[in-house]
Amino acid sequence: MRTEIEKVVGEIEQVLNLLRRHLDWDTAEARLDDFNARTENPEFWADPEKAREVMQQRDQLAAQVKTVRDLEAAIRDNSELIEMGDAEGDADVVKEAEAALIEALKEARSAQVETLLSGEADSNDAYLEIHAGAGGTESQDWANMLLRMYTRWAERRKFKVETLEIHDGEEAGIKSATIKISGHNAYGWMKTESGVHRLVRISPYDSAARRHTSFSSAWIYPVVDDAIDIEINDSDLKVDTYRASGAGGQHVNTTDSAIRITHVPSGIIVACQAERSQHKNRATAMAMLKARLYEAELQKREEAANAEAASKSDIGWGHQIRSYVLQPYQMVKDLRTSVETSNTGAVLDGDLDQFMEASLAARVGGYADSVEDAD
35 MRTEIEKVVG EIEQVLNLLR RHLDWDTAEA RLDDFNARTE NPEFWADPEK AREVMQQRDQ
95 LAAQVKTVRD LEAAIRDNSE LIEMGDAEGD ADVVKEAEAA LIEALKEARS AQVETLLSGE
155 ADSNDAYLEI HAGAGGTESQ DWANMLLRMY TRWAERRKFK VETLEIHDGE EAGIKSATIK
215 ISGHNAYGWM KTESGVHRLV RISPYDSAAR RHTSFSSAWI YPVVDDAIDI EINDSDLKVD
275 TYRASGAGGQ HVNTTDSAIR ITHVPSGIIV ACQAERSQHK NRATAMAMLK ARLYEAELQK
335 REEAANAEAA SKSDIGWGHQ IRSYVLQPYQ MVKDLRTSVE TSNTGAVLDG DLDQFMEASL
395 AARVGGYADS VEDAD
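Note that our numbering has the sequence shown beginning at 35, numbered continuously upward.
So, in structure tokens, the structure goes:
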């Protein structure tokens with residue numbers, strides 16, 4: 035087997051050892067069998083909330099066990115194919131098996147990052163807010179592209195995406211949007227994506243076909259569950275109602291059902307127009323406000339614990355985390371980790387894992403260079 039592929043296999047095996055230790059592999063399968071037995075009990079769903087919690091634990095463990103088994107099979111099967119291809123002089127078989135091992139290494143590194151997601155709220159669902167920067171139609175179109183990018187990323191991971199609030203631009207794109215992304219470790223994966231995103235391209239809205247630079251921001255914060263108690267005084271709130279806006283049809287309400295809540299002491303503003311019921315929109319907006327306040331507290335704790343860490347992100351309008359250049363060349367580069375790729379189409383279609391993995395690894399003190407794209 036070629037030296038470079040031996041290194042790939044060796045790194046996958048290192049990750050497998052880490053995953054097995056993380057899972058306590060000797061008991062993992064027995065624990066999974068126990069979960070399965072509990073879910074088959076006729077009385078299991080008598081307590082729906084407890085049942086949901088158990089099912090989440092069961093699904094998480096099942097996915098982790100499957101990852102270990104799949105990586106083991108990838109090493110075994112493709113190593114055998116390489117040996118067979120070398121013996122028979124079949125270069126195509128060897129090339130295909132080597133490519134499969136490189137893909138397996140990418141999956142292994144992704145699984146390894148999952149073991150880093152042990153923060154207080156990492157396992158929670160996430161809210162994502164996107165805001166267009168100055169620049170009118172250009173930035174509003176870019177904000178819409180960001181919304182699509184993150185939605186596609188979530189769909190790739192089979193996360194559920196729910197639109198809570200959206201304000202369309204005058205000519206194209208969006209002024210702002212809030213979505214909820216539900217899935218295991220959704221917040222943990224997305225928490226380093228907060229910041230300003232910069233786009234450079236030939237404007238489709240400029241008749242002179244000039245190059246434009248646009249800015250939009252993304253803000254991620256965790257959905258707060260019932261186990262986390264956030265106290266909010268009614269006297270600190272300013273509540274406004276307004277008529278929901280949208281693309282038309284079922285998205286347009288004829289009553290002032292949309293809710294905007296301002297938390298006066300912090301200046302935090304949240305809004306929801308997803309439901310036709312003002313009461314439901316208010317409940318969702320309050321949940322979003324609690325999440326924002328909780329995220330602010332998490333940030334304070336992290337800043338206090340890592341005051342000297344140069345890699346700590348300053349989440350603000352002036353802080354750019356990633357640059358997307360479509361003209362005069364193709365390049366997406368993370369300005370914190372220096373991870374970059376020329377496959378801009380894939381990134382804008384939701385291929386963000388390499389950037390998220392790098393920033394998460396850097397956040398805990400180390401980053402291994404990504405495997406170069408096979409293409």
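For glycine and all other residues, C-beta sits at the position ideal for the given N, C-alpha and C.
Computed from a predicted model, the values in this text were never measured in an experiment.
- Under DSSP, M365 takes part in a beta bridge, and its partners are V359.
- In the three-state reduction of the DSSP assignment, F69 falls in the helix class.
- Secondary structure at E154: coil, using DSSP grouped into helix, strand and coil.
- Close CB contacts of P256 within its chain, under the 7 Å cut and outside five residues either way in sequence, are with A155, N158, A160, Y221, A325, Y328, E329 (chain order).
- With the rule of 3 Cβ pairs closer than 8 Å, the region 195-206 does not count as touching the region 134-143.
- Boundaries of the alpha helix (DSSP H) around W176: 171-190.
- The C-beta separation of L66 from L95 comes to about 5 Å, placing the pair in contact by the 8 Å criterion.
- Per DSSP, G207 lies in no beta strand (DSSP E) segment and is marked neither H nor E.
- Taking the Cα positions, G167 is about 45 Å away from R55.
- Leaving aside the five residues that flank D387 on each side, the residues in its chain whose CB is nearer than 7 Å to its CB run, in chain order, S144.
- Straight across, the Cα-Cα distance linking Q90 with A97 is about 11 Å.
- Bridge partners of L271 according to DSSP: H297.
- Assigned with DSSP and collapsed to three states, T371 falls in coil, not helix or strand.
- Following the DSSP letters along the chain, one finds V102 inside the alpha helix (DSSP H) bounded by residues 82-122.
- For Y255, the uninterrupted beta strand (DSSP E) run begins and ends at 245-256, by DSSP.
- Nearest neighbour of A395 by Cα position, chosen from T149, E106, L105, turns out to be T149.
- The distance from the Cβ of M183 to that of G379 is about 11 Å, inconsistent with a contact at the 8 Å cut-off.
- Distance from the CA of L181 to the CA of M224, rounded to the nearest whole angstrom, comes to 13 Å.
- Boundaries of the beta strand (DSSP E) harbouring R232: 229-236, taken from the DSSP string.
- A contact is defined here as three or more CB-CB pairs under 8 Å, and the region 265-279 meets this definition with respect to the region 303-323.
- In the displayed model, Y239 falls within coil according to three-state DSSP, outside both helix and strand.
- With distances taken between CA atoms, R36 lies nearest to D120 out of N178, N75, D120, E74.
- Nearest Cα to E130 within the set S228, A188, I116: I116.
- In the DSSP assignment, K194 falls outside any alpha helix (DSSP H) and lies within the beta strand (DSSP E) extending over 194-202.
- By the 16-neighbour rule on beta-carbons within 10 angstroms, K84 is exposed.
- In the displayed model, I215 falls within a strand according to three-state DSSP.
- A direct Cα-to-Cα measurement between G301 and V366 gives close to 33 Å.
- Under DSSP, L162 shares a beta bridge with I213, I254.
- DSSP, reduced to helix, strand and coil, places A168 outside both helices and strands of the structure shown, so it counts as coil.
- Comparing alpha-carbon positions, the option among G217, E374, Q364 lying closest to I355 turns out to be E374.
- The Cβ atoms of Q146 and V49 lie closer than 8 Å to each other.
- For K209, the closest C-alpha among the options S113, R316, P238, M179 is that of M179.
- Residues of the same chain with a CB within less than 6 Å of the CB of A108, apart from the 5 flanking positions on each side, are A138 in chain order.
- Around A188, the same chain offers V195, I215 as residues with beta carbons nearer than 6 Å, after the five sequence neighbours per side are excluded.
- In this structure, the beta-carbon distance from T247 to V234 falls below 8 Å.
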